[in-house]
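What follows is a set of notes on a single structure, which appears directly below.
Residue numbers (this note's numbering), protein chains in the order written: chain A, 1 to 465; chain B, 1001 to 1463.
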């Protein structure tokens, strides 16, 4: 993307006024998407974006500038702008950027976007038409279907004043289908998606018809749904999307940027029992082709596997370069950013609970009364208080150990550290689910996962008294 | 003075440049093609202060183009984060290629001038361009210091940010659209933590303005502090059915969600609970809901919409009766009406769709501010902030369930704080059960104004 001698000169320019660390993050991203809506191919869109973000760290202060101009003069101008903080800063050490060396194992297109492809426009439309047909064929009450497919090829290049030079090439494909079903009591919606860090071969691994049918059945089932209950009840979460619970209940709270600012309920709890002994929680950016997987992160470090909670005991937080440096330790490989226009920060990758030993059917059977959540849609957390919500998009009552009436959508609310202690069963049926995680205005792809599990009590935000 | 004058000249030059660039691209339309070029460029600064020092300072320029091409009633779109000629040319050719794959649709067309005269709103503060970065940094630092020290119960300032942006955009099409606008904005945003460890509460505050001068450090920091402090000691909320009073910010968020059901596209595609209900009573007769981007006080005020048509005042609900929807050109054609000048888009990388910019409810009676509404309600629950809007509010079904924190209302005033509970109803029922609409209209950042609202018969779920 940019010649090494140019990068060396840009790093030198970034540190010309002082500062103790400089970095150039360059990115070239092509995206394409197709949308079939209301029975028509409505929109094919293509996008191209490339540029570089340059940061200079001087003491506790970070200067950052980005540019879409990857020529040497364009990069030097951004370096000058980023270095303004060092110029105005006082007494920071001056570091001279050394020659760039690629550490073994981080050089080269790690994810191999070139080895695969995003699929021709005609092939993508074929997939969307199959999804539309399958969803509409699921029932006469299915009144609207929207199917979309998007892919991106992202090449990144990271160099810094510590001599690091790393490149990665990431290809991602996401398919989704949304259905509306209409009945006497109004409309209901159903959604399903599949997303992986791979090309069009995604569709060799997933069945479009199955996903579309699932989305349609969710909408259809809710046509006869009753209002969700209110108050506290036992809840069984089906494997896969239930991982959102951990993403919100503790994942965000374990991000070191919240920890160093004393803005997390998990501050000072390393080594303590913070969850049920059934909980072993992992964050792993190296798993197969999951949605949160990558070769090299947005600070040039290889993706890592980190144990966050081991049998209920908090073992570590998630770290990026800046927070790890402050704490005098190594980054855990969790520095990520939405694009070259953003500063990196601590982010999750694929966060999941290791499976347990219970038969998932038995977990339901041994729950006399409660709610079974087959699919979660998303969530949100306040890391300082630990209060978090997550919303159902497919849920049922459990009566006498059996899954019975469908329920309308509702959020559930709990407090992270309290809820983690209320997990009293974990099944064997592990599954992952893709998601988009938003933090401080930046979105990144992540994965969540778990096996069927039970909380012996959590507040359900339905409208039934 | 000379600095200001030279900046002004520079800005005019740039606007001309954007129009010229967009025109140059549109001129490359082939016979039988219609082309629309949306070009934008901007400069922004973001500064974060932490514990008396600058944590980060970002300065950036960005520019890009979004091209829609229609041929044989088929639309293709492409965008690029650059204005370099070869990159833009590549986008045009991608848009052309993409159009070839779309389903022919007689309603697919670009906007043409519709004779509605624009009411220009001034959204530009020339002075912002000449404010030195050091002054912006000082404002961020002053906000952080004030937030940290204004109340002894504040234990931490999570973030204290200054941000600004100066953005210009142009829309040019082969169908006769030829407009450009610019807008500037500056903000202070602060989040604080109050209370002891293990019993912390958070609060946020902000101040927004078109320029640097309008920013208010005290307002942003004091609001954050008072919102955090009044929640200290909160216990888990109760499970009751009661009247809920929504803080202005929360009301703005709820109105924004309801507005998606007023999109003519959602209605035409059967994704709105308002579909087929024009002329029917859909809410309390006190509800009159208007989207008026020509109101210069509105944060989302605009002269032109995202397709280059004049923005205009649209009455959506009049005394509880559903009167209209918002349309862009394509959704209007599909519904047999004209565009209401309501196209919005998420920058150059998105295509237009109909949406609100400046939604507001006709204010309730004189003096009906927060205290007035609380007093009228008497007993209930005041909600200060909500979470999980994306996961719990569905503008198609109308199901609405959100996480919340706030204070009980007893004897017409705020009482003890509560947290970790949900409030739930359906959007349809909430419109019918709106028992008080505040006169305290505040134009908050976003697409809808804030005003205190009271909604009866909501299910609160906690302990």
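Where is the CB? At the ideal position from N, CA and C, for every residue including glycine.
{"Item": "Within-8 Å CB hit, residue 188(A) to chain B", "Value": "yes"}
{"Item": "7 Å Cβ shell around residue 84(A) - same chain, five flanking residues per side excluded", "Value": "63"}
{"Item": "Chain-ordered residues of the region 315-327 of chain A with a beta carbon less than 9 Å from chain E", "Value": "Of the protein chains in this structure, namely A and B, none is chain E."}
{"Item": "Cβ neighbour criterion (16 or more within 10 Å) applied to residue 1259(B)", "Value": "buried"}
{"Item": "Alpha carbon of residue 339(A) to alpha carbon of residue 305(A), nearest angstrom", "Value": "23 Å"}
{"Item": "Extent of the continuous alpha helix (DSSP H) run through residue 1264(B)", "Value": "1264-1268"}
{"Item": "Option in 1025(B), 1145(B) and 1130(B) with minimal Cα separation from residue 1086(B)", "Value": "1025(B)"}
{"Item": "CB-CB length for residue 1167(B) against residue 1182(B), believed under 8 Å", "Value": "7 Å"}
{"Item": "Residues bridged to residue 290(A) (per DSSP)", "Value": "Looking at the DSSP assignment, residue 290(A) forms no beta bridge with any residue, so it has no partner."}
{"Item": "Contacting positions in the region 1271-1292 of chain B - beta carbon closer than 8 Å to chain A", "Value": "1271 and 1273"}
{"Item": "Reduced DSSP secondary structure (H/G/I, E/B, other) of residue 1139(B)", "Value": "helix"}
{"Item": "Chain B residues whose Cβ lies nearer than 9 Å to that of residue 253(A)", "Value": "Neighbours of residue 253(A) on chain B: none; closest Cβ ~12 Å, over 9 Å."}
{"Item": "Through-space distance from residue 1122(B) to residue 1185(B), alpha-carbon basis", "Value": "12 Å"}
{"Item": "Pick from 345(A), 23(A), 349(A) and 244(A) that is closest to residue 450(A), judged by C-alpha positions", "Value": "244(A)"}
{"Item": "Per DSSP, cross-strand counterpart(s) of residue 434(A)", "Value": "447(A)"}
{"Item": "Residue range of the unbroken alpha helix (DSSP H) whose run includes residue 4(A)", "Value": "4-14"}
{"Item": "Contact check, residue 1400(B) vs residue 1392(B), beta carbons under 8 Å", "Value": "yes"}
{"Item": "Near-chain A residues of the region 1100-1133 of chain B (beta-carbon distance less than 8 Å), N- to C-terminal order", "Value": "1101, 1102, 1103, 1105 and 1133"}
{"Item": "Close Cβ partners of residue 424(A) (< 8 Å) along its chain, the five nearest in sequence each way excluded", "Value": "276, 278, 454, 455 and 456"}
{"Item": "Secondary structure of residue 302(A), DSSP reduced to three states", "Value": "strand"}
{"Item": "CB contact check: residue 1007(B) to chain A, cutoff 8 Å", "Value": "Here the model assigns residue 1007(B) a pLDDT of 33, short of 50, so the residue's position is not dependable, and the following value carries that caveat. No, residue 1007(B) does not count as interfacial toward chain A."}
{"Item": "Contact set for residue 315(A): own chain, Cβ-Cβ below 6 Å, skip 5 residues either direction", "Value": "307"}
{"Item": "Residue-level contact to chain B via CB, residue 332(A), 8 Å cutoff", "Value": "no"}
{"Item": "Nearest neighbour of residue 1357(B), chosen from 1311(B), 1248(B) and 1454(B) [CA to CA]", "Value": "1311(B)"}
{"Item": "Helix, strand or coil at residue 1073(B) according to DSSP, with G and I counted as helix", "Value": "coil"}
{"Item": "Coarse secondary structure for residue 1008(B), derived from DSSP in three states", "Value": "Here the model assigns residue 1008(B) a pLDDT of 35, short of 50, so the residue's position is not dependable, and the following value carries that caveat. Helix, per DSSP."}
{"Item": "Segment contact, 8 Å Cβ cut-off, at least three pairs: the region 1438-1452 of chain B with the region 1348-1365 of chain B", "Value": "yes"}
{"Item": "Residue 400(A) classed as buried or exposed, judged by whether at least 16 other C-beta atoms fall within 10 angstroms", "Value": "exposed"}
{"Item": "Contact residues within the region 1176-1194 of chain B, judged by C-beta distance below 7 Å to chain A", "Value": "1193"}
{"Item": "Reference residue 40(A), options 1304(B), 1199(B) and 1075(B), closest by Cα", "Value": "1075(B)"}
{"Item": "Residue 1217(B) at chain A interface by Cβ criterion, 8 Å", "Value": "no"}
{"Item": "Distance, residue 19(A) Cα to residue 59(A) Cα", "Value": "7 Å"}
{"Item": "Selection from 1156(B), 1376(B) and 1069(B) that minimises the alpha carbon distance to residue 1435(B)", "Value": "1376(B)"}
{"Item": "DSSP three-state assignment for residue 230(A), whether helix, strand or coil", "Value": "strand"}
{"Item": "Proximal chain A residues relative to residue 1149(B), where beta-carbon distance stays under 8 Å", "Value": "Those within 8 Å of residue 1149(B) in chain A number zero; the least Cβ separation is about 17 Å."}
{"Item": "Beta carbon proximity, residue 125(A) to chain B, threshold 8 Å", "Value": "yes"}
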